[in-house]
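Visitor: Taking the working numbering, the leading residue of the sequence shown gets 161, the next gets one more, and so forth.
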Amino acid sequence: MRSKFAFSLAVLALTVSAPAVAQEVITGPPALTGSEFGWAYSGIEFQALQDVSLVSFTFNNQGNSDNILLLDESWNTVHSISTAAGQPVSTVSVDWLLNGGDVYRLVRTTQGNSLYDSYNGLLPQNDHLAITNSGFFSNSLTSTGSFDTNDFWSTFTNITTVNGVASAVPEPATWAMMLLGFGAVGFQLRRRKQPSLA
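1) Considering just the uninterrupted stretch of the beta strand (DSSP E) at Ala208, what are its terminal residues?
2) Measuring straight from C-alpha to C-alpha, what distance separates Asp287 and Gly188?
3) My understanding is that Ser225 touches Ala208, with C-beta atoms under 8 Å, so please give their C-beta distance in whole angstroms.
4) Locate the beta strand (DSSP E) running through Gly343, then write down its first and last residues.
5) Using 8 Å as the threshold, is the C-beta distance between Gly246 and Gly223 below it?
6) Where does the unbroken beta strand (DSSP E) through Asp255 begin, and where does it stop?
7) Give a single yes or no on whether Arg265 has its beta carbon closer than 7 Å to a heavy atom of the ligand SAH.
8) Excluding five sequence neighbours on each side, which residues of the same chain lie with their C-beta closer than 6 Å to the C-beta of Leu192?
9) Measure the CB-CB distance between Leu258 and Leu214 and report whether it falls below 8 Å.
10) Hey, Gly198 and Val267: beta-carbon distance below 8 Å or not?
11) Hey, out of Asp311, Thr309, Arg265, Ala344, whose CA is closest to Thr302's CA?
12) Are there 16 or more other CB atoms within 10 angstroms of the CB of Ala326, so buried, or fewer, so exposed?
13) Suppose the cutoff is 8 Å on Cβ atoms and the five residues either side in sequence are ignored; what does the same chain contact list for Thr292 look like?
14) Determine the direct distance from the alpha carbon of Trp256 to that of Leu231, and round the result to whole angstroms.
15) Quick one: what's got a C-beta closer than 7 Å to Gly194's C-beta in the same chain, skipping five residues either side?
16) How would you call Phe296, buried or exposed, if buried means at least 16 neighbouring beta carbons within 10 angstroms?
17) Rounded to the nearest angstrom, how far is the Cβ of Asn310 from that of Ser298, given a contact under 8 Å?
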């Protein structure tokens with residue numbers, strides 16, 4: 161009976177020590193069907209409501225190769241990724257850290273390569289992100305010459321974020337729970353009586 165209790169305690173300690181990971185998705189409109197042309201850059205703008213990692217998004221495009229940028233509020237490139245030609249709608253996997261409270265723009269850079277559609281709904285948000293501009297169009301990567309509107313949704317949907325990502329080095333609380341679990345198992349094994357040779 162005691163050995164079952166000690167084993168249960170060890171399993172509980174190891175389970176409790178694992179950090180929780182919460183995933184959130186902002187889907188956007190069901191489909192982007194309009195072929196955008198003429199703008200050098202287009203995308204969306206959002207604010208991170210807490211420290212999270214952007215892990216994937218759907219890139220709705222016209223099938224050309226492209227370079228996708230994550231810009232900060234000062235128009236500096238924070239991250240970038242290239243996409244291959246021939247995939248008009250593709251899921252792009254990334255691991256980009258977003259700082260809570262900061263505003264970002266997710267933009268494509270191949271002229272006329274994005275898809276868009278009319279959008280007349282409320283700007284969505286979840287626990288991780290708030291969309292602040294669903295249609296960002298510009299001919300330069302500065303505030304000059306940009307056209308921001310929430311009457312359209314441009315280029316990116318299914319924006320997926322996670323928080324609580326486990327780090328490679330366990331936190332002190334994790335170590336404490338693991339040691340408690342292993343200590344309980346070791347203590348129980350040591351207390352077992354040795355069988356007598358009679």
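C-beta: ideal position from N, C-alpha, C; glycine also. On a predicted model such as this, the values are computed, not experimentally measured, just so you know.
Guide: Let's see:
1) Start at 1 with the first residue of the sequence shown, and residue 208 comes out as number 48. Per DSSP, Ala208 belongs to the beta strand (DSSP E) from 201–208.
2) One-based indexing of the sequence shown puts residue 287 at position 127. One-based indexing of the sequence shown puts residue 188 at position 28. In a straight line, the C-alpha of Asp287 is about 16 Å away from that of Gly188.
3) By one-based count along the sequence shown, residue 225 stands at place 65. By one-based count along the sequence shown, residue 208 stands at place 48. Between Ser225 and Ala208 a beta carbon distance of about 28 Å is seen, past the 8 Å cut, so the two are scored as non-contacting.
4) Here residue 343 corresponds to residue number 183 of the sequence shown, with the count starting at 1. First-last for Gly343: 332–351, but that is the alpha helix (DSSP H), not the beta strand (DSSP E).
5) For this step, residue 246 is matched to residue 86 along the sequence shown. For this step, residue 223 is matched to residue 63 along the sequence shown. Contact annotation: Gly246 and Gly223 have beta-carbon atoms nearer than 8 Å.
6) In the sequence shown, residue 255 corresponds to position 95, counting from 1. Where Asp255 is concerned, the enclosing beta strand (DSSP E) stretches over 249–258.
7) Here there are no bound small molecules, and the ligand SAH is not part of this structure.
8) Along the sequence shown, one-based indexing puts residue 192 at 32. Same-chain partners within the cutoff: Asn220, Leu275, Tyr276, Asp277.
9) By 1-based counting over the sequence shown, the position of residue 258 is 98. By 1-based counting over the sequence shown, the position of residue 214 is 54. For Leu258 and Leu214, yes; Cβs fall inside 8 Å.
10) For the purposes of this step, residue 198 is taken as residue 38 along the sequence shown, with counting starting at 1. For the purposes of this step, residue 267 is taken as residue 107 along the sequence shown, with counting starting at 1. Taking 8 Å as the cut-off, the Cβ atoms of Gly198 and Val267 do not count as close.
11) As a position in the sequence shown, residue 302 is number 142, starting the count at 1. That would be Arg265, whose Cα lies nearest to the Cα of Thr302.
12) The residue given as residue 326 occupies position 166 in the sequence shown. Note on Ala326: pLDDT 47, under 50, position unreliable in the model; the coordinate value appears next. Ala326 should be labelled exposed.
13) Against the sequence shown, residue 292 aligns to sequence position 132. Same-chain partners within the cutoff: Glu205, Phe206, Gln207, Val263, Leu283.
14) Position 71 of the sequence shown, counted from the start, is the residue given in the question as residue 231. Position 96 of the sequence shown, counted from the start, is the residue given in the question as residue 256. Answer to the nearest angstrom: the Cα atoms are 12 Å apart.
15) Locating residue 194 in the sequence shown gives position 34, counting from the first residue. Correct list, in chain order: Leu275, Tyr276, Asp277.
16) Here residue 296 corresponds to residue number 136 of the sequence shown, with the count starting at 1. Buried is the call here.
17) On the sequence shown, residue 310 is found 150 positions in, with the first residue counted as 1. On the sequence shown, residue 298 is found 138 positions in, with the first residue counted as 1. So it is not a contact: roughly 15 Å between Cβ atoms.
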